[in-house]
Amino acid sequence: MSRHAILIIDMLNDFANEKGSLYCPGAGRITKNLQDLMKWVREREGDDIQLVHIQEAHRENDADFRVRPVHAVRGTWGSDFIEELYPEKGEYIVPKRRHSGFAYTDLDLYLREENIDTVVVTGVWTNVCVRSTATDALARAYRVIALSDGCDSKTEEMHEYGLKDLSIFAKVMTIGEYVDAWEKGLDPWEGGGDRENKVE
2 MSRHAILIID MLNDFANEKG SLYCPGAGRI TKNLQDLMKW VREREGDDIQ
52 LVHIQEAHRE NDADFRVRPV HAVRGTWGSD FIEELYPEKG EYIVPKRRHS
102 GFAYTDLDLY LREENIDTVV VTGVWTNVCV RSTATDALAR AYRVIALSDG
152 CDSKTEEMHE YGLKDLSIFA KVMTIGEYVD AWEKGLDPWE GGGDRENKVE
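For what it's worth, this note's numbering labels the leading residue of the sequence shown as 2, then goes sequentially.
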């Protein structure tokens with residue numbers, strides 16, 4: 002049976018709170034959607050879907066700050082999860098210092114230990130950290146799903162560009178479509194990617 006990890010990427014104060022140093026307006030648009038998704042997963046029987054929280058946690062003077070504002074410094078308010086989407090006991094947390102949740106972290110090790118074959122990406126920003134994590138998941142031979150109403154970006158245009166890029170190699174679907182597939186016993190990833198090179 003297929004086993005999924007839903008990655009909740011960077012839903013942190015510095016990104017999802019208006020007072021955050023790298024505030025992403027799209028975060029507010031998806032918070033309720035992600036709350037509903039996480040509630041559904043937490044109430045499910047079995048462990049074929051895992052919630053994994055990806056947390057940007059930079060060191061002070063991180064190289065990332067050469068090109069972006071200082072944000073999400075490890076141990077600060079900005080790097081903490083927003084209250085609405087706080088991890089619960091038993092849900093894995095992966096700190097990262099780069100855009101991808103796989104870059105110099107133990108995410109891949111955790112997924113392999115849990116026999117995960119499908120990575121489901123959500124969070125912010127669609128065109129940066131979500132896309133980078135999805136690309137690295139594909140490089141490690143995971144099947145990739147992107148939930149279109151579970152991720153967002155600074156602008157709608159950035160979000161749509163990110164989704165278009167993701168659709169080349171991932172299955173892009175809504176949270177409702179994803180949940181419905183599971184409820185019907187179908188494989189949500191079926192039809193993923195762009196085997197006929199139709200994405201323009």
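Cβ atoms here follow ideal geometry from the backbone N, Cα and C, with glycine treated the same way.
Since we're looking at a predicted model, the values are computed, not measured.
When the distance is taken between beta carbons, is residue j closer than 7 Å to residue i?
| i | j | result |
| --- | --- | --- |
| Arg141 | Asp107 | no |
| Ile117 | Ala6 | yes |
| Ser1 | Trp126 | This structure cannot speak to residue 1, because the chain is shown only from 2 to 201. |
| Thr119 | Arg144 | yes |
| Gly91 | Thr123 | no |
| Pro96 | Ala58 | yes |
| Trp1 | Val180 | What the structure shows of the chain is the stretch from 2 to 201, and residue 1 is not part of that stretch, so it cannot be assessed. |
| Leu13 | Phe82 | yes |
| Ile146 | Trp190 | yes |
Contact check, residue i vs residue j under 8 Å by CB: the rounded distance?
| i | j | result |
| --- | --- | --- |
| Gln51 | Tyr93 | 7 Å |
| Asn128 | Gly163 | 3 Å |
| His54 | Asp15 | Not quite, the Cβ-Cβ distance comes to about 15 Å (not below 8 Å), so this is no contact. |
| Arg4 | Asp49 | 5 Å |
Closest to residue i by CA distance: which of the options is it?
| i | options | result |
| --- | --- | --- |
| Glu157 | Ile31, Ile55, Gly21 and Pro189 | Ile31 |
| Glu161 | Glu201, Ala17 and Gly192 | Glu201 |
| Val173 | Arg69, Gly193 and Ser3 | Gly193 |
| Ala135 | Glu84, Ser149, Tyr105 and Phe170 | Phe170 |
| Ile9 | Trp190, Arg113, Ala138 and Gln56 | Gln56 |
| Glu188 | Val121, Glu46 and Leu139 | The sequence shown places Asp at residue 188, rather than the Glu named in the question. Among Val121, Glu46 and Leu139, the Cα nearest to that of Asp188 is on Val121. |
| Leu148 | Asp166, Glu178 and Met159 | Glu178 |
| Lys199 | Lys185, Gly186 and Ser168 | Ser168 |
| Glu85 | Gly47, Leu139 and Asn34 | Asn34 |
Please determine whether the Cβ atom of residue i lies at a distance below 6 Å from any heavy atom of the ligand ADP.
| i | result |
| --- | --- |
| Arg30 | Among the components modelled here there is no ligand, and therefore nothing to report on the ligand ADP. |
Within its chain, find whatever has a CB closer than 7 Å to the CB of residue i; leave out the 5 residues flanking it on each side and keep chain order.
| i | result |
| --- | --- |
| Glu61 | Val74 |
| Ala28 | Met12, Phe16, Ala17, Val125 and Asp153 |
| Lys165 | Val200 |
| Trp78 | Asn14 |
Once you ignore the five residues that flank residue i on each side, which residues in its own chain have a CB closer than 8 Å to its CB?
| i | result |
| --- | --- |
| Tyr24 | Asp15, Phe16, Ala17 and Asn18 |
| Pro70 | Ser22 and Leu23 |
| Arg280 | This structure leaves residue 280 out entirely; the chain is present only between 2 and 201. |
Quick one: residues in its chain with C-beta nearer than 6 Å to the C-beta of residue i, no 5 flanking neighbours on either side, listed in chain order?
| i | result |
| --- | --- |
| Asp137 | Ser101 and Phe103 |
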